[in-house]
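Written below as structure tokens is the structure these notes are about.
Numbering (the UniProt record's numbering), first residue to last: 1 to 145.
Written as structure tokens, this is what we have:
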């Protein structure tokens, strides 16, 4: 501020100059983009949005297929193999939108499968088998008890 107080006429100008001076460097954004991995517990959409934002910081004109590559590279391991397989089967170049659809579909499939494999937490209905004569009779508890 001291070095530029004659040229700064308003808070808005000062803020703009500060933002320009202290914004992350291009190399930092590139490094973050290359190293970005989807974290455990991080939603697919949060990861997707972050990669898109990093690509915009690096270059507003990053080709769509390169954005899709960055998205695939950092995807959680349990989704990555399946998503890459489906993307390779495409006739067209992958786009971020295609990546998102494929990854969401795979995530839903995996979530459905893992839910089906978990044991039911609903206990079986208790009953009592009584022998009256020679025929077994099941007595179920009264629903109001």
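Glycine included, every Cβ here is placed at the ideal spot set by N, Cα and C. The structure presented is a predicted model; accordingly, all values stated were derived computationally and were not measured.
Between the alpha carbons of residue i and residue j, how many angstroms are there, rounded?
i, j, result
"residue 14", "residue 6", "11 Å"
"residue 35", "residue 70", "9 Å"
"residue 101", "residue 8", "48 Å"
"residue 52", "residue 11", "31 Å"
"residue 79", "residue 72", "9 Å"
"residue 39", "residue 4", "43 Å"
"residue 68", "residue 93", "9 Å"
"residue 16", "residue 60", "20 Å"
"residue 46", "residue 111", "18 Å"
Inspect the beta-carbon positions of residue i and residue j and report whether they are closer than 9 Å.
i, j, result
"residue 98", "residue 109", "no"
"residue 147", "residue 37", "The question about residue 147 has no answer here: the residues shown for the chain are numbered 1 through 145."
"residue 65", "residue 95", "yes"
Measure the beta-carbon distance from residue i to residue j and round it to whole angstroms, keeping in mind my assumption that it falls under 8 Å.
i, j, result
"residue 44", "residue 104", "6 Å"
"residue 54", "residue 33", "4 Å"
Quick one: complete alpha helix (DSSP H) runs, 4+ long, within the UniProt domain "Retrotransposon gag" (5 to 76)? When DSSP assignments are scanned along the UniProt domain "Retrotransposon gag" (5 to 76), the uninterrupted stretches of alpha helix (DSSP H) that are 4 or more residues long and fall wholly within it turn out to be 11 to 22, 26 to 35, 44 to 58, 64 to 73.
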